[in-house]
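A.B. asks: Numbering (the working numbering), first residue to last: 3 to 410.
One structure, pasted below without further comment.
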Ligand SMILES: [Zn+2]
């Protein structure tokens, strides 16, 4: 049968990476601000130092692939899914957060020749020069802090340098943007507890991350925070109207206050995939039939993949591709200015599209930015320079006495 290869390749981006693109990337500091890979650390048999493949086990980051893709490090996430907002739920979340924090630190401690904990702006370049990958720590969803908000100081001492308040549903700190159509707010943005958390993060020089929170939270966070903020993994609402994306007016306001937006590559936020509630419910059923287990055998993984492919065909699901990702990235660069944009692809957290399936594809973005006319200084900023600047700016505004007290 004749296959039209050109059609199959449409949208998957540059096929060749130029020497110039490789040289620019080698000189830049390449940081991704939302690495969900720590969720894999507790999977039996999964090792960051082994080479995995997206086709094989669905993972997108490991040390060998970071080397191949040129990623120098980034923010490694302590993610906690929002559960019950009662005393028992809060305690469970507290413990889950501390376990994940330990797992990140243990990964670094177990590989001292490959990874190093990073806590300051200067660490990124220093660790790269030492031939290692930087591990900044961030928290996605402040649920682990609901039981005891003062734990933030402990997390800071352990290396936490970025914090988001809510995930896909409201919590005690803030309203969520939800998962498509914005839900009605519970606090009208930030609760009093959320506002107090912002003040404390500012005092410690922890970067505030608005991704996943509502537009009202964005407006209030921008207003209340003494320091510029980040959107660690977000897209453009004016490119695709999804509640997880942010509109141009707010992107401009973010940039005006010195913040940065890091562009997400999660397909369902980039384009209308045609996913309906019925489709999502059927997908959930497939996952549940495997008991939400992480230790699937290769055969079981193949079964899941085959059933997902059947569902995608049944519901005529459209998959986002590299061009869709670049459409968001280039739009956001135009609106925010290149000094206020970076990459937060949501690797191992649902990110990745056709032609941009794991971190080995990062050089394609460099090539695409060159092809779009950006120069080395601009591309270097987008790859990580802007994030480094933000870390420096936020820490410069911290209260030295609060930092000293937390470190004692
Ligand atoms: Zn997320």
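Beta carbons are placed, not taken as given, at the ideal position from N, Cα and C, and that holds for glycine.
Pick from 63, 259 and 315: whose alpha carbon is nearest that of residue 392?
C.D. replies: 259
A.B. asks: Could you give the DSSP three-state label for residue 389: helix, strand or coil?
C.D. replies: helix
A.B. asks: At what residues does the beta strand (DSSP E) containing residue 136 begin and finish?
C.D. replies: 135 to 142
A.B. asks: How big is the Cα-Cα spacing for residue 283 and residue 248?
C.D. replies: A straight line joining the alpha-carbon of residue 283 with that of residue 248 spans about 26 angstroms.
A.B. asks: Using a threshold of 7 angstroms, state whether the C-beta atoms of residue 142 and residue 362 are closer than that.
C.D. replies: Against a cut-off of 7 angstroms, the Cβ pair of residue 362 and residue 142 comes out as no contact.
A.B. asks: So who's on the other strand from residue 364, going by DSSP bridges?
C.D. replies: Residue 364 pairs with nothing; no bridge assigned.
A.B. asks: In terms of residue numbering, what span does the beta strand (DSSP E) encompassing residue 1 cover?
C.D. replies: Any question about residue 1 goes unanswered here, given that the chain covers just 3 to 410.
A.B. asks: Select from 232, 326, 257 and 12 the residue whose C-alpha is nearest the C-alpha of residue 275.
C.D. replies: 326
A.B. asks: Since residue 75 is in the beta strand (DSSP E), which residue starts that stretch and which ends it?
C.D. replies: 75 to 81
A.B. asks: Give me whichever residues DSSP pairs with residue 299 in a beta bridge.
C.D. replies: In the DSSP output, where bridge partners are listed per residue, residue 299 has none listed.
A.B. asks: Mapping the DSSP letters down to three states, classify residue 178 as helix, strand or coil.
C.D. replies: strand
A.B. asks: When burial is assigned at 16 or more other CB atoms within 10 Å of the CB, is residue 318 buried or exposed?
C.D. replies: exposed
A.B. asks: Residue 412 by DSSP, collapsed to three states: which one?
C.D. replies: With the chain running from 3 to 410 in the structure shown, residue 412 is simply not present.
A.B. asks: Using 10 angstroms around the beta-carbon of residue 234, count the other beta-carbons present and answer buried if the total reaches 16, otherwise exposed.
C.D. replies: buried
A.B. asks: Thinking residue 168 and residue 215 are a contact (beta carbons under 8 angstroms), I'd like their distance in whole angstroms, please.
C.D. replies: Rounded, the Cβ-Cβ distance is 5 angstroms, consistent with contact.
A.B. asks: According to DSSP, is residue 395 helix, strand or coil?
C.D. replies: helix
A.B. asks: Can you give me the C-alpha to C-alpha distance between residue 308 and residue 62, rounded to a whole angstrom?
C.D. replies: 20 angstroms
A.B. asks: Flag this pair as yes or no: are the beta carbons of residue 257 and residue 339 separated by less than 7 angstroms?
C.D. replies: Yes.
A.B. asks: Residue 84 and residue 157 - do their beta-carbons sit closer together than 7 angstroms?
C.D. replies: no
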